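In my numbering, the protein residues as written are 2 to 643.
Next comes the structure, spelled out in structure tokens:
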């Protein structure tokens, strides 16, 4: 018997595109163009692992996707409390998307705290899957529920699916030699199996993952597999889920190529390894663990076969000191950190400016000041990157825009550092670092040639005809000084933090020389060759929205919404923050209004106003979370009509 298809009216969120009703009591399959799912529970419930596995299967299926992990700073936050809730949001679609989504269509709440912490983000009509086993009187009172939200009518506006996840998991694992507590730990795999059934996700990858992860604990491996399969079978057999959903692969969203899902930190690590290979230099990372940058250290430590050396130092200062020493020795040198670590590294960055050696300083920004919000995101280190050193110590600043773009940003930062012999600051943030999206693996011929020429002999002739090596004799185009490897005969030279004499590199206290060296170092940074900024303006708009870093996704999504509603607006996004693109001033002066959304209190806007005398308008947020597209669309529409 053939299936009958009935077309449905598209819902307000634009997700439903059709429904296939199957005869003979077989469950219907509804086709969607996108969906936003959020897994939420205690930080020990495995929500990040659950979301990551669902994401991996979604990527292998071919959907476009964007993720937003959100977790407490504590390693094991108090169970059952609002501060202890960990969540993972995934937006996936059959077309090009840019953000993890504003409001979840589906919430999986493992306990009352997860429900209460996230219910405010859900639109009416959203589906809520709750683990009823955790809705005990004590657990509900802990988060302020006087009555059960599952029974008092407060969830009547939603599609509620009460599921005893813990009980069902324990029942599915009764044949295994596990305690009840051990069996309960697999309830996240039961939930993953259920959601995999609901959204027709592949299962083979997750089963392989579990087999590999628990290969040394076969009983645990079998239990997790059984829980995962039981969740899938529950969705297939229960009457509570009458419909499953299909989201077709995003076949038109991607150029031809080989893709994989990648997070920002992983993309940065791969970019650094690639840069070292393209430069034909060993890669050295000197680092001290700090959230949210530690993943780069963890990943690079796996790649010794590519000539990568990682050094976990005793503190931030030792980490960058070792990296600068490696740069002096001829390596592509990197140090990774977050905002507090940048403050500690500032003196050594200044030394690198004085020594004029290539060094990559990667700052994965987080909420501050001080320890601040270690697991939340922010863009508030821009002015620190620009000016957070004593004296005139200019440093190029580069910022990626998406998780996948972190790969290209690492290559660009390496290009600048190696070409111009300078430390470079790369500003990512927690949103990019932990978020993920599909990434097209580049072909080898697409990668830049980053090879450098080390000094090999004398480069200056004295008045008496003697040939000598001058460590500060500069390339006339780039103003870069020669890079001399220690131990090369005849290239011995002095290094240190005291001001150098132009050319010879000898210690100099001469005022005129100091003035010349300060201006020369600044001129070198100002003269860095960066691409012109590109403006997306199909309608001749009078308002320009200018962004940098991770605001790219929300800004672009907001711009799309406005244009779909007939509102003309132009968009431009900065990768290079120092120096700015040479055409930026003329671009800004071409618009009546310039709006700059930032996850800080207006740091880029301050720089733009100061340099270009443009009355840029700030739109700011510092709540530890990325902008929502609808929020930005509303603010930009007001700016257009103000």
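The beta-carbon is built from N, C-alpha and C at its ideal position, and this holds for glycine as well. Since the model is a prediction, treat every value here as computed from it, not as a measurement.
Expected contact under 8 Å - CB spacing of residue i and residue j to nearest Å
i	j	result
residue 132	residue 110	7 Å
residue 531	residue 580	6 Å
residue 356	residue 529	Not really, about 18 Å apart at Cβ, beyond 8 Å.
residue 487	residue 329	7 Å
residue 203	residue 58	5 Å
residue 67	residue 38	That pair is no contact at about 12 Å.
residue 630	residue 103	6 Å
residue 34	residue 95	5 Å
residue 117	residue 83	7 Å
For residue i, the three-state DSSP class (helix, strand or coil)
i	result
residue 4	Low confidence applies to residue 4: its pLDDT is 31, below 50, so where it sits in the model is not reliable, and the reading given next is rough at best. Reduced to three states, the DSSP call for residue 4 is coil.
residue 304	coil
residue 162	strand
residue 49	helix
residue 409	helix
residue 478	coil
residue 111	coil
residue 572	strand
residue 638	helix
residue 240	coil
residue 385	helix
residue 613	helix
residue 246	strand
residue 92	strand
residue 146	coil
residue 440	strand
residue 524	helix
residue 260	strand
Spatial neighbours of residue i in its chain, beta-carbon cut-off 6 Å, leaving aside the 5 residues before and after
i	result
residue 272	408, 411, 412
residue 310	285
residue 353	325, 360, 424
residue 334	285, 324, 327, 328, 360
residue 551	430, 432, 433
residue 347	389, 390
residue 1	As displayed, the chain neither begins before 2 nor continues past 643, which places residue 1 out of reach and without an answer.
residue 13	Reliability fails at residue 13, whose pLDDT of 35 lies under 50, so the model's placement of it is uncertain and no value is given.
residue 575	549
residue 597	547, 605, 606, 617, 619
Separation of residue j from residue i, as counted between CA atoms
i	j	result
residue 416	residue 359	10 Å
residue 405	residue 533	21 Å
residue 503	residue 319	29 Å
residue 162	residue 128	7 Å
residue 267	residue 296	7 Å
residue 9	residue 299	Any reading at residue 9 must be qualified, since the residue scores a pLDDT of 33, below 50, and its modelled position is unreliable; no value is offered.
residue 275	residue 577	21 Å
residue 611	residue 572	21 Å
residue 499	residue 340	27 Å
residue 384	residue 603	10 Å
residue 213	residue 196	22 Å
residue 558	residue 150	34 Å
residue 156	residue 112	15 Å
residue 375	residue 44	15 Å
residue 434	residue 219	33 Å
residue 634	residue 287	42 Å
residue 270	residue 71	22 Å
residue 369	residue 148	37 Å
residue 184	residue 249	35 Å
residue 452	residue 308	16 Å
Residues near residue i by beta carbon distance below 8 Å, same chain, minus five either side
i	result
residue 193	51, 54, 55, 207, 229, 232
residue 474	460, 461, 482, 483, 504
residue 215	221, 222, 225
residue 211	190, 222, 225, 226, 229
Cross-strand partners of residue i (DSSP beta bridge)
i	result
residue 461	469
residue 287	312
residue 1	Here the chain covers residues 2 to 643 and nothing more, so residue 1 does not appear.
residue 620	598
residue 501	508
residue 549	575
residue 694	Here the chain comprises residues numbered 2 to 643, so residue 694 is not present and cannot be evaluated.
residue 43	86
residue 333	284
residue 128	107, 160
residue 196	BP columns for residue 196 are empty, so no partner.
heavy atom of the ligand FAD below 7 Å from residue i C-beta
i	result
residue 486	For the ligand FAD, the structure offers nothing, since it holds no ligand at all.
7 Å Cβ shell around residue i - same chain, five flanking residues per side excluded
i	result
residue 342	289, 291, 317
residue 373	367
residue 122	104, 105
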